[in-house]
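Below is one structure, written out as structure tokens; comments come after it.
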Amino acid sequence: DGIPPGRTDAAPRRGLQRDTGPAERAGQRGLPRRSARIGVDGAGAHLHKRGWRSAEGPAPLRPKLAWACLKALDWRAGEALVDPMCGSGTLIIEGLMMAADIAPGLKRRHWGFNRWLGHVPALWRTIQEDAKARKAQASPPPPAFGYDAAGKAIAAAKDNAYGATVGEYAYFRQRDLKE
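Per the numbering used here, the very first residue in the sequence shown carries number 41; after that it's consecutive.
If you want it as structure tokens, here you go:
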């Protein structure tokens with residue numbers, strides 16, 4: 041709406057409702073004269089924040105990129121999955137979640153659209169319950185293996201895998217790539 045952060049005086053005069061939550065503030069930018077950009081925040085926090093990452097290394101792979109890599113490789117659930125430089129385990133975790141039919145973001149507690157005026161909480165609960173039921177009915181995924189030279193990365197990968205509810209299927213070991 042072109043109102044600088046911290047200034048909400050124009051919104052009530054125009055009859056606008058204004059959300060000043062952190063997601064909106066993060067998306068505000070200066071607007072060039074005589075033009076405007078309008079966007080709708082449907083996610084709230086960034087979509088790569090799926091609710092399971094408790095620890096990360098110096099250059100974590102975003103979950104949606106790990107998912108895209110697995111899709112581009114035409115990897116299928118049930119096939120071997122090995123990551124020789126797993127870092128905090130994102131590729132392994134995303135693969136196991138795909139294999140176990142765990143919906144991305146199932147552990148997220150808040151979505152930006154929860155605050156929309158047209159949001160229907162009962163419909164959203166139905167969608168979430170369906171995703172939980174699919175997870176409960178899915179077959180256990182086959183084991184997946186991740187290796188990294190850094191012990192801290194392996195510890196982070198293990199924590200993250202358990203946070204994503206796939207820890208019992210993920211095997212992480214400290215090992216140099218040369219081995």
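Note that CB positions come from ideal geometry on N, CA and C, so glycine has one too.
Could you pull out every residue in the same chain whose Cβ sits closer than 7 angstroms to the Cβ of residue i, ignoring the five residues on either side in sequence?
{"i": "D141", "result": "R174, K175 and A178"}
{"i": "D216", "result": "A189"}
{"i": "H88", "result": "Any reading at H88 needs caution, since the residue's pLDDT is 49, under 50, leaving its predicted position unreliable; the model's value is listed next. Only R102, P103 and K104 meet the Cβ criterion."}
{"i": "L136", "result": "P181, A184, V206, Y209 and A210"}
{"i": "C109", "result": "L131"}
The alpha helix (DSSP H) that contains residue i, what's its start and end?
{"i": "R165", "result": "P161 to Q177"}
Sorted by chain position, which residues of the same chain lie with C-beta nearer than 8 angstroms to residue i's C-beta, five sequence neighbours on each side aside?
{"i": "G158", "result": "none"}
{"i": "Y211", "result": "P183, A184, F185 and G186"}
Following the continuous beta strand (DSSP E) through residue i, name the residue where it begins and the one where it ends.
{"i": "A117", "result": "Note, A117: premise wrong, no beta strand (DSSP E); not H, not E."}
{"i": "P191", "result": "Pro is not the amino acid found at residue 191; the sequence shown has Gly there. That residue, G191, is in no beta strand (DSSP E); its alpha helix (DSSP H) goes G191 to G203."}
{"i": "A210", "result": "A210 to Q214"}
Within its chain, find whatever has a CB closer than 6 angstroms to the CB of residue i; leave out the 5 residues flanking it on each side and keep chain order.
{"i": "Q214", "result": "G191 and I194"}
{"i": "A171", "result": "A143 and L146"}
{"i": "E134", "result": "P103, A106 and W107"}
{"i": "A139", "result": "A117 and P181"}
{"i": "A119", "result": "Note that residue 119 is Glu in the sequence shown here, rather than Ala. Excluding positions up to five away in sequence, the list is empty."}
{"i": "V122", "result": "F185"}
Which of helix, strand or coil does DSSP assign to residue i?
{"i": "G127", "result": "coil"}
{"i": "G186", "result": "strand"}
{"i": "W151", "result": "coil"}
{"i": "W156", "result": "coil"}
{"i": "G145", "result": "coil"}
{"i": "L217", "result": "coil"}
{"i": "A140", "result": "coil"}
{"i": "P234", "result": "Outside the modelled stretch of the chain, which goes from 41 to 219, sits residue 234, for which no answer is possible."}
Tell me whether the stretch 123–136 and the stretch 181–199 touch, counting them as touching only if at least three CB pairs, one residue from each stretch, are closer than 8 angstroms.
yes
Note to self: Would you call the stretch 153–170 in contact with the stretch 192–211, where contact means no fewer than 3 C-beta pairs closer than 8 angstroms?
What the structure shows: no
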